[in-house]
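Those protein sequences? They're chains A and B, same order as listed.
The opening residue of the first sequence carries number 1 in the UniProt record's numbering; numbering runs sequentially from there.
The opening residue of the second sequence carries number 1 in the UniProt record's numbering; numbering runs sequentially from there.
Beta carbons: idealized from backbone N, C-alpha and C, even for Gly.
This structure is a prediction, so every number in the text was calculated from the model and none was measured.
To start, the structure under review is shown below, and the notes come after it.
There are 2 protein chains.
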Amino acid sequence: MEESRDVTIYDIAERMNLATSTISRALKDHPTISDKTIKKVKKVAEEMGFRPNILAAGLRGNSTKIIGVLVSRINRPFISSLISGIEEIAQKAGYSVMITQSHDSYEDEVNLSKALYDSRVCGIICSLAMDTRDTSHFQKFIDKNIPLVFVDRVPKDFDTYRVMIDNYSAGYKATKHLIEQGCRRIAHITGSPYRNTYSERKRGYVDALLEANLTVDEELIIETTLTYEEGETAATTLFDLPNPPDGVFVVNDTAAVGVIQIAKKRSLRIPEDIAIIGFNDDPIASIIDPGLTTISHPAVKMGQTSAKKILNHLKSAKKSADTPKKDRITEVTFLNTEVLVRASSSRKE
Amino acid sequence: MEESRDVTIYDIAERMNLATSTISRALKDHPTISDKTIKKVKKVAEEMGFRPNILAAGLRGNSTKIIGVLVSRINRPFISSLISGIEEIAQKAGYSVMITQSHDSYEDEVNLSKALYDSRVCGIICSLAMDTRDTSHFQKFIDKNIPLVFVDRVPKDFDTYRVMIDNYSAGYKATKHLIEQGCRRIAHITGSPYRNTYSERKRGYVDALLEANLTVDEELIIETTLTYEEGETAATTLFDLPNPPDGVFVVNDTAAVGVIQIAKKRSLRIPEDIAIIGFNDDPIASIIDPGLTTISHPAVKMGQTSAKKILNHLKSAKKSADTPKKDRITEVTFLNTEVLVRASSSRKE
DNA sequence: TAAAAACTTGCAATCGGTTGCGTAAAAATA
DNA sequence: TATTTTTACGCAACCGATTGCAAGTTTTTA
Chain A
1 MEESRDVTIY DIAERMNLAT STISRALKDH PTISDKTIKK VKKVAEEMGF
51 RPNILAAGLR GNSTKIIGVL VSRINRPFIS SLISGIEEIA QKAGYSVMIT
101 QSHDSYEDEV NLSKALYDSR VCGIICSLAM DTRDTSHFQK FIDKNIPLVF
151 VDRVPKDFDT YRVMIDNYSA GYKATKHLIE QGCRRIAHIT GSPYRNTYSE
201 RKRGYVDALL EANLTVDEEL IIETTLTYEE GETAATTLFD LPNPPDGVFV
251 VNDTAAVGVI QIAKKRSLRI PEDIAIIGFN DDPIASIIDP GLTTISHPAV
301 KMGQTSAKKI LNHLKSAKKS ADTPKKDRIT EVTFLNTEVL VRASSSRKE
Chain B
1 MEESRDVTIY DIAERMNLAT STISRALKDH PTISDKTIKK VKKVAEEMGF
51 RPNILAAGLR GNSTKIIGVL VSRINRPFIS SLISGIEEIA QKAGYSVMIT
101 QSHDSYEDEV NLSKALYDSR VCGIICSLAM DTRDTSHFQK FIDKNIPLVF
151 VDRVPKDFDT YRVMIDNYSA GYKATKHLIE QGCRRIAHIT GSPYRNTYSE
201 RKRGYVDALL EANLTVDEEL IIETTLTYEE GETAATTLFD LPNPPDGVFV
251 VNDTAAVGVI QIAKKRSLRI PEDIAIIGFN DDPIASIIDP GLTTISHPAV
301 KMGQTSAKKI LNHLKSAKKS ADTPKKDRIT EVTFLNTEVL VRASSSRKE
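Listed below in structure tokens is the structure:
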């Protein structure tokens, strides 16, 4: 078992009687190296099985080709699809992805942001933890001109890239759909009001109600952590009301499924007695019986878009290395959402 | 906007009139440094906001504190839970996780294994691509004594850590369960025979049939890529048979759900006409109606276990740096599986 | 043909911890 | 008090690629 040392540019330089600087430049098509030399170097490098030491390059340049990802939890349909999209784009461009999960804890988020920073990630994509209010721990990325993309769960007061859906409009559409199905007393099961995703959807919900001259009953608005169990609990509370709702807009499918199960257990007819709409279009939405009407949004595409923002930023930053434009970036990308009507809400043909 | 340079051990050394070597050693409790000095150095480092440059350390030691992960696809319930478990353990130990997905392509797997190797990961956890037959691209990790863990989809002829379930026994249990429910003609929808996960389950299936004196009908064994759609297709084929099955053992829940949907569409009674058992206990299994009987296995725990194998290996390797034990490692860890009986197969009270 | 311009390549410092080896200082032993 | 041991720390090379600047060579221009 030979401890064969990796071949370095020094080995190539020695073999070719050239300087390491020439090798280094030739390998990345530096314009001051002649085409002949470039070709020869590349050929020899190939022959010798040369693979550049990423760490050495990173140390020198004080940056890696790693995109950091910071999300609440990996094993959620939406998040894992998001990551899948990120990884796909990154991989194609020769970048790697480093994944971390905050478990929806602000404290973890702060620590992980530091860890990613220390890892010299070339960019970071983050979806905020449920209880994050202060986002100053991300400022260091801005200061170092490291591209930062907030995706889905974004802060409202941070000038940087944002990739998201129009939550207000989605909430409005969802609620309006229920109204169109004849619902007059629509409940709303939501998450932390600190997260734009939920506060905005709620805003859309409220506006849709008001527009239809329906009253907004605080009793019908329940704040939860959006688990399946909490969906069940919220549903129980709602159905036990003296004047129960005839429609529910739940901000994620997991909790919405909990609502369906309770409704079924109580022999409520869906959608006749209670129409239900969820959010995300998780796989279960199309599997459950009745099919869950939901708001679909392109998770994979959101990931891809986020990754592209990072890559583009890096590309243009390289070009304009001379022009030290340090303007604050405020680029918000909205991806489309769609009401996916299924049986849980279709009262009409 | 000050381009405040990061503080290095040089800065600390200068401030304290000590050598960088002393700082470096003090920060990691090297025994030759006095406790007084260690405390002082740590205090100053803390004050100055020192954060070690991972790349520099990695370059020198030719290794990082990154665990590489190579899986088929991230956005699958089983895989994302697996990764979640890995990340959790890694994070607690101060390690990072680099994720890549082969998309079930052998070629991608080869390239990604190289990329992870080049990234100087300190260990690698892999679940093989669907069509991987040759695993020699992993040999380089062994040669460099980089711990390699195969998880779930493992090769049969590679001496290294393996974390998996007893697929044979699981397949046997699943089939036997159907037999106990009175099924006499049990179909089997499986994946690539090159993957241990599927070939072993099939072996268990066959043995369970033989043991019960049931005939093994090749017509009832269908090989697929295990998507929802292929589950539907396979079900259609089976149900169209002149002598259709009265039970189906599907090696994943996704395809099993496809089977259920087709059965329902054809108004077959589940489980009276056709009993169905899946594999994985994906979230949909408990949501779908009827509930899908399935084989559960601890995805998160498999991830955790895999990560621990890596960490333990690194720990013991550090201790026995003098004892250059290079024996081939063949450590197989089996995690438990369980038949989760739900409505899709319970014919009896 | 001489001088200027353009093209190629080399030199050497740099990034920031890590570590083998040497040595000064303090403590233990003779 | 002299000598051996132990303790504590410093020196300097090292990991491998990158890059500003210098310098040599060739081509172009006057």
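Using a C-beta to C-beta distance shorter than 8 Å, which residues of chain A count as neighbours of B/ASP289? Position 289 of the second sequence holds residue 289 of chain B. By Cβ distance, chain A contributes ILE288, ASP289.
Does chain B have any CB closer than 7 Å to the CB of A/GLY123? Position 123 of the first sequence, counted from the start, is the residue given in the question as residue 123 of chain A. Not an interface residue.
Under a three-way DSSP split, which group does A/VAL18 fall into? Along the first sequence, read from residue 1 onward, the residue named residue 18 of chain A stands at position 18. Looking at the sequence provided, one finds Leu at residue 18 of chain A rather than Val. Three-state result, A/LEU18: coil.
List in chain order: all unbroken beta strand (DSSP E) runs of 3+ residues lying wholly within the stretch 258-310 of chain B. 275-277, 294-296
Say whether chain B places a C-beta atom closer than 7 Å to the C-beta of A/THR323. Here the question's residue 323 of chain A lines up with position 323 in the first sequence. Confidence is the limiting factor: at A/THR323 the pLDDT is only 45, short of 50, which leaves the residue's position unreliable, though a coordinate-based value still follows. A/THR323 does not count as touching chain B.
In terms of alpha-carbon separation, which member of B/GLU218, B/GLY247, B/ALA187, B/MET130 lies closest to B/PRO193? Counting from one through the second sequence, the residue named residue 193 of chain B turns up at place 193. For the residues B/GLU218, B/GLY247, B/ALA187, B/MET130, the minimum Cα distance to B/PRO193 belongs to B/MET130.
For the UniProt domain "HTH lacI-type" (7-61) of chain B, list every residue whose C-beta sits within 8 Å of some C-beta in chain A, in sequence order. ARG51, PRO52, ASN53, ILE54, LEU55, ALA56, GLY58, LEU59
Specify, as a first and last residue, the run of the beta strand (DSSP E) that B/LEU148 falls within. Along the second sequence, one-based indexing puts residue 148 of chain B at 148. B/LEU148 -> beta strand (DSSP E) spans 148-151.
Considering only their Cβ atoms, is the gap separating B/VAL97 from B/ILE54 smaller than 7 Å? Locating residue 54 of chain B in the second sequence gives position 54, where the first residue counts as 1. Locating residue 97 of chain B in the second sequence gives position 97, where the first residue counts as 1. Not in contact: B/ILE54 and B/VAL97 (Cβ atoms no closer than 7 Å).
Assuming A/LEU314 contacts A/GLY123 (C-beta within less than 8 Å), just tell me the rounded distance between them. Counting from 1 along the first sequence, the entry for residue 314 of chain A is found at position 314. Counting from 1 along the first sequence, the entry for residue 123 of chain A is found at position 123. The pair is a contact, with the Cβ atoms about 7 Å apart (cut-off 8 Å).
Length of the line joining the Cα atoms of A/ALA343 and A/LEU70: Residue 343 of chain A sits at position 343 when you count from the first residue of the first sequence. Residue 70 of chain A sits at position 70 when you count from the first residue of the first sequence. The straight-line gap from Cα to Cα measures roughly 36 Å.
Own chain, CB closer than 6 Å to B/THR135, minus 5 neighbours either side, in chain order: Taking the second sequence and counting its residues from 1, the one referred to as residue 135 of chain B is at position 135. Counting only Cβ-Cβ distances below 6 Å, and skipping sequence neighbours, we find PRO155, PHE158.
In chain order, what residues of the same chain lie with their CB nearer than 6 Å to the CB of B/VAL332, ignoring the 5 residues before and after it? As a working note, residue 332 of chain B is residue 332 in the second sequence. Within the same chain, B/VAL332 has close Cβ partners ARG162.
Quick one: using the 10 Å Cβ neighbour count with 16 as the cut-off for buried, is A/SER316 buried or exposed? Against the first sequence, residue 316 of chain A aligns to sequence position 316. Exposed, by the Cβ-count rule.
For A/ALA255 versus A/GLN181, is the C-beta distance shorter than 7 Å? Position 255 of the first sequence holds residue 255 of chain A. Position 181 of the first sequence holds residue 181 of chain A. No. Outside cutoff.
Three-state class that DSSP yields for A/THR100 in the structure shown: The residue given as residue 100 of chain A occupies position 100 in the first sequence. Note: A/THR100 maps to strand in three-state DSSP.
Taking the alpha-carbon positions, what's the B/THR337 to A/LYS40 distance? The residue given as residue 337 of chain B occupies position 337 in the second sequence. The residue given as residue 40 of chain A occupies position 40 in the first sequence. C-alpha separation (whole angstroms): 57 Å.
In its own chain, which residues sit with a C-beta less than 8 Å from the C-beta of B/MET48, not counting the 5 before and 5 after it? Stepping through the second sequence from its first residue, residue 48 of chain B is reached at position 48. Around B/MET48: VAL7, ASP11, ILE12, ARG15.
Rounded to whole angstroms, what's the CA-CA distance from A/LYS114 to A/THR37? Just pull it up for me. Sequence index remark: in the first sequence, residue 114 of chain A carries index 114 (1-based). Sequence index remark: in the first sequence, residue 37 of chain A carries index 37 (1-based). Each residue's Cα considered, the two are about 42 Å apart.
C-beta atoms of B/SER72 and B/ASP104 nearer than 7 Å: Here residue 72 of chain B is taken as the residue at index 72 of the second sequence, counted from 1. Here residue 104 of chain B is taken as the residue at index 104 of the second sequence, counted from 1. Cβ atoms of B/SER72 and B/ASP104: closer than 7 Å.
Indicate whether A/TYR205 and A/HIS188 have their beta-carbon atoms separated by less than 7 Å. Your numbering for residue 205 of chain A matches position 205 in the first sequence. Your numbering for residue 188 of chain A matches position 188 in the first sequence. For A/TYR205 and A/HIS188, yes; Cβs fall inside 7 Å.
Just the Cα atoms here: how many angstroms apart are A/PHE334 and A/SER199? Sequence index remark: in the first sequence, residue 334 of chain A carries index 334 (1-based). Sequence index remark: in the first sequence, residue 199 of chain A carries index 199 (1-based). Those two C-alpha atoms are separated by around 17 Å.
Given this structure, state the Cα-to-Cα distance separating B/TYR172 from B/VAL251, to the nearest angstrom. As a first step, residue 172 of chain B must be located in the second sequence, where it is residue number 172. As a first step, residue 251 of chain B must be located in the second sequence, where it is residue number 251. Looking at the two C-alpha atoms, the distance is approximately 12 Å.
Using the beta-carbon of each residue, which ones in chain A are nearer than 9 Å to B/GLU87? Stepping through the second sequence from its first residue, residue 87 of chain B is reached at position 87. Neighbours of B/GLU87 on chain A, chain order: ILE74, ILE99, THR100, GLN101.
Would you list, in sequence order, the uninterrupted alpha helix (DSSP H) runs of no fewer than 4 residues that lie entirely inside the stretch 85-169 of chain B? 106-118, 139-143
CB of A/SER169 within 7 Å of CB of A/ILE277, strictly: Taking the first residue of the first sequence as 1, we reach residue 169 of chain A at position 169. Taking the first residue of the first sequence as 1, we reach residue 277 of chain A at position 277. Not in contact: A/SER169 and A/ILE277 (Cβ atoms no closer than 7 Å).
Closest by CA to A/ARG120, which one among A/LEU241, A/SER63, A/ILE33, A/PRO245? Position 120 of the first sequence holds residue 120 of chain A. Nearest option by C-alpha distance: A/SER63.
So A/LEU82 and A/MET302 are supposed to be a Cβ contact under 8 Å. How far apart are they, rounded? To locate residue 82 of chain A, count along the first sequence from 1; it is residue 82. To locate residue 302 of chain A, count along the first sequence from 1; it is residue 302. With a Cβ gap of about 6 Å, A/LEU82 and A/MET302 count as contacting.
Please go through the same chain and pick out, in chain order, the residues whose beta-carbon is closer than 6 Å to the beta-carbon of B/SER24, but skip the five residues on each side of it. For the purposes of this step, residue 24 of chain B is taken as the residue at position 24 of the second sequence. Counting only Cβ-Cβ distances below 6 Å, and skipping sequence neighbours, we find ILE9.
Alpha carbon to alpha carbon, how far is B/ASP240 from B/GLU219? Translated into positions along the second sequence, residue 240 of chain B becomes position 240. Translated into positions along the second sequence, residue 219 of chain B becomes position 219. Rounded to the nearest angstrom, the two C-alpha atoms are 12 Å apart.
Look at A/ILE262 and A/GLU232 and say whether their C-beta atoms are less than 7 Å apart. Locating residue 262 of chain A in the first sequence gives position 262, where the first residue counts as 1. Locating residue 232 of chain A in the first sequence gives position 232, where the first residue counts as 1. Going by C-beta atoms, A/ILE262 is nearer than 7 Å to A/GLU232.
Relative to the C-alpha of B/ASP281, which candidate in B/THR32, B/LYS265, B/ILE79, B/GLY58 has its C-alpha closest? Indexing the second sequence from 1 puts residue 281 of chain B at position 281. Minimum Cα distance to B/ASP281 is reached at B/ILE79.
Spell out whether any CB of chain A is found under 7 Å from the CB atom of B/SER316. One-based indexing of the second sequence puts residue 316 of chain B at position 316. By this cut-off, B/SER316 is not an interface position.
Taking the C-alpha atoms as reference points, what is the distance between B/GLY247 and A/GLY291? Here residue 247 of chain B corresponds to residue number 247 of the second sequence, with the count starting at 1. Here residue 291 of chain A corresponds to residue number 291 of the first sequence, with the count starting at 1. Computed Cα separation, rounded: 26 Å.
Alpha carbon of B/ARG51 to alpha carbon of A/SER286, nearest angstrom: Position 51 of the second sequence, counting from 1, holds the residue named residue 51 of chain B. Position 286 of the first sequence, counting from 1, holds the residue named residue 286 of chain A. So the alpha carbons of these two residues sit roughly 48 Å apart.
Beta-carbon proximity list for A/ILE142, same chain, < 7 Å, skipping 5 on both sides: Here residue 142 of chain A corresponds to residue number 142 of the first sequence, with the count starting at 1. LEU148, THR160, listed in sequence order.
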